[in-house]
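Chains as they are written, first to last, in my numbering: chain A, 6 to 528; chain B, 6 to 528. All C-beta atoms, glycine included, are put in the ideal place defined by N, C-alpha and C. None of these values were measured; they are calculated from a predicted model.
2 protein chains.
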Amino acid sequence: MKGAQAIYETLYRAGVDTILANPGTSEMALVRALDDAGTIRGVLALFEGVVSGAADGYSRMAGKPAATLLHLGPGLANAGANLHNARRARSPVVNVVGEHARGHVALDAPLTTDIEAIARPFSRWVRTIGATAEAGRDTAAAIAAARRLGGPATLIVPADVAWSEGGTPADTPAAMAPARPDAALVDLAAGLLGGRGPRAMLLLGGGALGARGVTLAHRIASHTGARLASETFNRRAARGAGRPFIPKVPYMGEAAEAFLKDVDVLLLVEARSPVNFFGYPGKRGTPVSPGTRVETLAAPGEDGGWALEALCERLGAATPGRLPQGPAPQGPAGPIDAVSLARALAHRMPEGGVLCDEAITSGLALPEVLAAAAPYDHLDLMGGAIGGALPLSTGAALGDPSRRVTCVSGDGSALYTIQALWTQARENLDVTTVICANRSYAILAYEHLQIEGRLPGPRALPVLSLDRPAVGFAGLARGFGVEAVTVDTAEALDDALGAAGARRGPFLIEAVMAPVALPPRVT
Amino acid sequence: MKGAQAIYETLYRAGVDTILANPGTSEMALVRALDDAGTIRGVLALFEGVVSGAADGYSRMAGKPAATLLHLGPGLANAGANLHNARRARSPVVNVVGEHARGHVALDAPLTTDIEAIARPFSRWVRTIGATAEAGRDTAAAIAAARRLGGPATLIVPADVAWSEGGTPADTPAAMAPARPDAALVDLAAGLLGGRGPRAMLLLGGGALGARGVTLAHRIASHTGARLASETFNRRAARGAGRPFIPKVPYMGEAAEAFLKDVDVLLLVEARSPVNFFGYPGKRGTPVSPGTRVETLAAPGEDGGWALEALCERLGAATPGRLPQGPAPQGPAGPIDAVSLARALAHRMPEGGVLCDEAITSGLALPEVLAAAAPYDHLDLMGGAIGGALPLSTGAALGDPSRRVTCVSGDGSALYTIQALWTQARENLDVTTVICANRSYAILAYEHLQIEGRLPGPRALPVLSLDRPAVGFAGLARGFGVEAVTVDTAEALDDALGAAGARRGPFLIEAVMAPVALPPRVT
């Protein structure tokens with residue numbers, strides 16, 4: 006069989022049956038092989054940043070590697086920002102990137118670039134297939150690397166490797182279970198928690214924020230009095246009613262310092278010790294107090310769930326913790342602000358729903374208010390490269406079509422990858438997108454105030470504001486084939502969320518946010 | 006003064022007074038310095054691919070370096086595809102890219118990447134400023150490198166370098182005139198042209214396609230009988246009535262081979278010897294006949310205009326060549342296809358207009374039909390990374406506001422960087438965008454046929470087609486604040502072009518192309 010077909014057959018044997026694609030001429034044999042192999046479904050996106058962001062979302066919800074098909078170096082570069090996000094999320098993604106036929110590279114045709122060099126900053130593993138006979142073996146190596154290393158593995162496929170006969174599919178070894186931390190660390194952790202009460206904190210990240218992990222962590226907290234927290238941004242956190250509310254470490258350095266101030270022992274479970282998102286003049290780079298002892302119970306990628314279970318046993322924390330039973334969320338009223346937005350989302354969250362959160366300043370209240378919502382999964386932008394949420398929600402819906410996905414995005418963020426809406430329309434995905442239209446990069450006005458001690462002036466403001474003209478998101482959505490409404494009251498937002506949740510297929514709600522006198526305080 | 010201000014002051018002294026921007030937190034001091042410096046105008050784009058494509062267009066029309074302001078590694082990656090195009094166009098672009106404060110990099114915060122590694126594949130020069138005192142000097146070095154090397158020069162600015170006091174602006178040495186080729190090459194060229202008539206061909210590229218270059222080349226051709234041709238894609242070619250028609254080397258290999266078949270001597274003037282855009286199974290990588298002697302009169306970046314003038318003198322080609330006087334273009338009628346599209350554009354081209362051409366299959370007839378149009382400048386996508394034309398036209402209008410820019414783009418191409426329309430609306434730029442809506446990546450169906458010998462089947466077609474749903478470009482345009490119409494006859498297209506040309510500010514025309522039974526033959 007041809008090399009291209011061997012690649013697909015190898016992917017398929019490893020359980021990968023979907024490829025998010027934006028191909029070009031150098032990938033034509035890989036396009037044709039979709040027909041020949043008959044196993045892999047190609048899903049087209051109009052821009053590669055949608056491809057890579059959707060791959061991240063797909064892998065988070067499907068629980069297996071996602072695959073992408075990209076066109077040469079520039080196509081890979083377009084995918085780069087969301088590959089960065091996928092890398093920070095440790096999401097296994099196999100990038101299949103076409104390259105010129107091997108004899109053609111030296112001619113330096115217009116689209117020739119150093120694809121390996123473009124791939125490396127965004128990949129945990131990079132390889133160019135050297136011969137058709139190795140296509141299957143190298144594909145299996147890419148899948149294994151994406152799983153093992155947690156992140157994008159980039160497989161570069163010369164066109165002649167793909168179009169030539171002589172390919173042999175390969176079997177990918179079954180995914181290894183994540184490594185279990187040393188039992189001595191469990192003993193150490195138990196010792197450190199003992200008697201400290203709320204001066205000890207368990208900081209959870211990664212898989213430890215799954216339904217099992219948060220339940221175990223809550224049991225430990227109930228038993229010892231330790232505080233629980235999650236990293237600021239999380240791959241997939243089980244939240245909502247019936248689950249413990251686990252606050253995030255705040256985004257901004259000062260709020261994070263206050264949050265972590267009285268912590269004597271910080272115990273990391275699939276989390277990294279907190280650092281500030283950015284450096285600021287004259288400020289420390291981390292919000293962790295200098296006197297805090299930081300210990301790793303489970304590193305990112307290790308089995309934090311096992312560690313938490315072992316810690317429960319070691320502590321004798323056998324009783325499930327008590328969970329507060331709050332009233333069911335009610336629909337909000339009044340103008341749309343960070344709180345009423347969160348209330349509407351909490352009111353309308355379906356059980357088992359998925360929230361993709363890139364609302365930035367408008368999303369400040371989401372985790373806390375949504376603690377009362379039906380149990381749901383909360384997916385954050387992991388790498389800080391904005392423009393993640395719309396693609397992420399597209400991929401999440403592809404990865405688990407049984408759940409309705411709600412995407413909450415700032416207007417600035419949404420405009421990097423707005424083309425995601427078209428793929429939602431074509432695939433009729435159950436995604437409700439809420440655009441928080443405050444008509445500015447509001448976070449940046451705040452950062453300007455933080456760093457420069459004043460608001461932007463007349464020459465700076467134009468590069469931070471999104472008015473003049475205001476973007477008409479409902480019109481954009483319809484142009485991409487997605488029905489949409491614009492709302493400017495919390496009641497109308499709540500109604501629109503209800504209507505969107507009752508239908509099949511995508512829907513967009515442009516939520517015009519109430520003006521704020523000053524940039525909001527980001528906590 | 007602060008480092009950020011020293012950067013702007015250095016840019017301003019070198020004549021750079023506009024910066025295309027999509028900043029983030031790490032660039033806040035550079036945003037503030039727009040206020041403090043008071044000399045540089047920031048122009049916001051909603052996506053970095055618009056920033057870099059506009060920088061390319063700006064530099065092509067303004068005849069000086071463009072500047073960009075980008076956010077860390079992911080922002081730079083988003084700019085990568087159009088930086089690749091700018092690099093292939095040899096357009097001087099100074100990228101100012103923010104980096105974390107120096108002390109913050111080691112903390113590996115979420116947005117930390119290897120920015121130099123991301124920059125290198127798309128830049129001709131890369132440097133990270135090491136200290137505030139060096140900010141001015143390094144900026145001057147970047148400007149000089151962009152001019153001298155022809156392409157993007159990337160200057161990475163740690164946030165603390167930008168926000169700290171101690172910056173000193175620097176003067177950039179005046180741009181050097183392009184190098185003149187050795188006079189012996191002129192003698193050689195004259196000898197090779199002598200007596201060969203149409204079996205010799207002058208292949209023009211780069212600056213040799215300016216108004217002066219094409220006039221001189223035409224004089225040589227009239228005197229010797231040599232044929233003239235241009236590269237397939239050109240940075241800025243003087244075309245239209247009163248100028249010689251210089252055909253492009255066809256895009257597809259077979260057509261290019263036929264075009265170059267009887268050429269004994271190919272004389273390159275700021276051009277490279279032709280290579281096929283892609284490799285194909287069993288085909289040679291270049292359309293140049295093995296027996297053709299290829300000589301370089303002027304390499305890319307050298308002074309081809311001087312070389313042509315010297316060659317005229319050496320040949321005694323003193324008489325201006327005769328130019329055919331065709332009838333003035335008339336408005337077309339009937340369905341919209343590649344020919345009627347070109348006729349409408351020819352009919353409505355204003356004198357001194359600018360055409361940004363990324364129409365791919367729909368644009369096949371443009372150069373030939375537009376030979377009868379009012380004199381205009383023809384700007385092509387140079388690096389083959391589609392999604393160039395809308396940003397390019399945005400930057401072209403910023404770079405020379407005295408001319409109306411017409412952008413002709415395939416629908417697939419336009420969707421990579423559709424956000425450019427918003428910058429056109431905000432800046433009220435005189436750009437008419439024509440979207441050739443054939444609702445497919447038509448070039449790819451053709452390439453599939455070329456490479457695979459058959460049209461795409463039921464599993465391949467979905468990743469090559471743009472229908473289901475058809476994108477509503479007029480709605481997208483209005484969402485971005487640009488007025489728009491949809492037309493499906495050549496008469497209506499012609500009328501809409503006329504109306505657009507009579508107004509100020511941007512306008513978009515969605516031209517629904519007549520269906521074609523088979524992918525068009527690309528010549």
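If the cut-off is 9 Å on Cβ atoms, which residues from the stretch 414-443 of chain B count as contacting chain A, listed in chain order?
417, 420, 421, 422, 423, 424, 427, 430 and 431
Does the Cβ of residue 508/A have 16 or more other Cβ atoms within 10 Å, making it buried, or fewer, making it exposed?
exposed
Please look up how many angstroms separate the CB atoms of residue 282/A and residue 115/B, rounded, as I've assumed it's under 8 Å.
Yes, residue 282/A and residue 115/B are in contact; Cβ-Cβ is about 6 Å, under 8 Å.
If the cut is a Cβ gap below 7 Å, which residues of chain B does residue 485/A touch?
Within chain B, the residues whose beta carbon sits less than 7 Å from that of residue 485/A are 476, listed in sequence order.
Taking one C-beta from the stretch 254-274 of chain B and one from the stretch 203-217 of chain B each time, how about it: are there three or more such pairs within less than 8 Å?
yes
Neighbour flag for residue 125/A against chain B, beta carbons, 9 Å:
yes
Check whether the Cβ atoms of residue 574/B and residue 40/A sit closer than 9 Å, and answer yes or no.
For chain B, the structure presents residues 6 to 528; residue 574/B sits outside this window and is missing.
If you check the beta carbons only, do residue 229/A and residue 320/A fall under 9 Å apart?
yes
Scan the stretch 100-126 of chain A and note each continuous alpha helix (DSSP H) run of 4 residues or more that stays entirely inside, going in chain order.
107-110 and 120-124
Label residue 324/A either buried or exposed according to how many other C-beta atoms from any shown protein chain fall within 10 Å of its C-beta, with 16 as the threshold for buried.
exposed
Grab the span of the alpha helix (DSSP H) containing residue 457/B for me, first residue to last.
447-457
So, are the CB atoms of residue 36/B and residue 107/B less than 9 Å apart?
no
For a test of the three-state rule: what should DSSP assign to residue 381/B, helix, strand or coil?
strand
Tell me, please, whether the CB atom of residue 282/A is closer than 9 Å to any CB atom in chain B?
Under the Cβ criterion of 9 Å, residue 282/A is counted among the residues facing chain B.
Can you find a C-beta in chain B that's less than 9 Å from the C-beta of residue 2/A?
In this structure chain A extends from 6 to 528, so residue 2/A is not present and cannot be described.
Using only the heavy atoms of the ligand NAD, determine whether one of them is closer than 8 Å to the beta carbon of residue 335/A.
As presented, the structure is devoid of all ligands, the ligand NAD included, so that no description of it is given.
Determine, for residue 47/B, whether the minimum Cβ-Cβ distance to residues of chain A falls below 9 Å.
yes
Would you kindly report the start and end of the unbroken alpha helix (DSSP H) that includes residue 320/A?
Per DSSP, the continuous alpha helix (DSSP H) segment holding residue 320/A begins and ends at 309-320.
How should residue 253/B be labelled, buried or exposed, when 16 other C-beta atoms within 10 angstroms of its C-beta is the threshold for buried?
buried
Could you name the residues that DSSP lists as bridge partners for residue 235/B?
BP columns for residue 235/B point to 209/B and 253/B.
Is there at least one Cβ from chain A nearer than 9 Å to residue 156/B's Cβ?
Answer no: the Cβ-Cβ gap between residue 156/B and chain A never drops below 9 Å.
Chain A contacts made by the stretch 210-222 of chain B, where a contact means CB separation under 9 Å:
none
Which runs of the alpha helix (DSSP H) at least 4 residues long sit entirely within the stretch 397-447 of chain B? Give them in chain order.
416-419 and 425-432
C-beta neighbour in chain A for residue 93/B, strict 9 Å
Any Cβ of chain A closer than 9 Å to the Cβ of residue 93/B would place that residue at the interface, and such an atom is present.
Identify, in the order they occur along the chain, each residue of the same chain with its Cβ nearer than 8 Å to the Cβ of residue 129/A, setting aside the five sequence neighbours on each side.
92, 150, 151, 154, 155, 156, 157 and 158
Beta-carbon spacing of residue 297/A, residue 261/A below 9 Å:
No Cβ-Cβ contact shorter than 9 Å links residue 297/A with residue 261/A.
Count the CB pairs spanning the stretch 62-75 of chain B and the stretch 56-76 of chain A that are closer than 8 Å, and state whether there are at least three.
Two segments are said to touch when three or more pairs of C-beta atoms, one from each, lie closer than 8 Å; by this definition the stretch 62-75 of chain B does not touch the stretch 56-76 of chain A.
Extent of the continuous alpha helix (DSSP H) to which residue 194/A belongs:
188-198
8 Å contact criterion, which residue 491/B and residue 479/B should meet: CB distance rounded
Here residue 491/B really is in contact with residue 479/B; their C-beta atoms are around 5 Å apart, less than 8 Å.
Span of the alpha helix (DSSP H), counted from its first residue to its last, around residue 512/A:
Element bounds for residue 512/A: not the alpha helix (DSSP H) but the beta strand (DSSP E), 512-517.
What are the residues of the stretch 221-248 of chain A that lie near chain B, defined by any Cβ-Cβ distance shorter than 8 Å?
238
Considering only the alpha carbon of each residue, which of 496/B, 518/B, 512/B and 504/B lies closest to residue 481/B?
Taking only the C-alpha atoms, the option nearest residue 481/B is 512/B.
Shortest alpha-carbon distance to residue 8/B belongs to which of 134/B, 455/B and 409/B?
134/B
On a CA-only basis, which of 465/B, 442/B, 398/B and 418/B is nearest residue 432/B? Give me that one, please.
398/B
Option nearest residue 232/B by Cα separation, candidates 222/B, 415/B, 132/B and 448/B:
Minimum Cα distance to residue 232/B is reached at 222/B.
Considering Cα atoms alone, identify which of 429/B, 95/B, 446/B and 420/B is closest to residue 52/A.
The shortest C-alpha separation from residue 52/A is found at 420/B.
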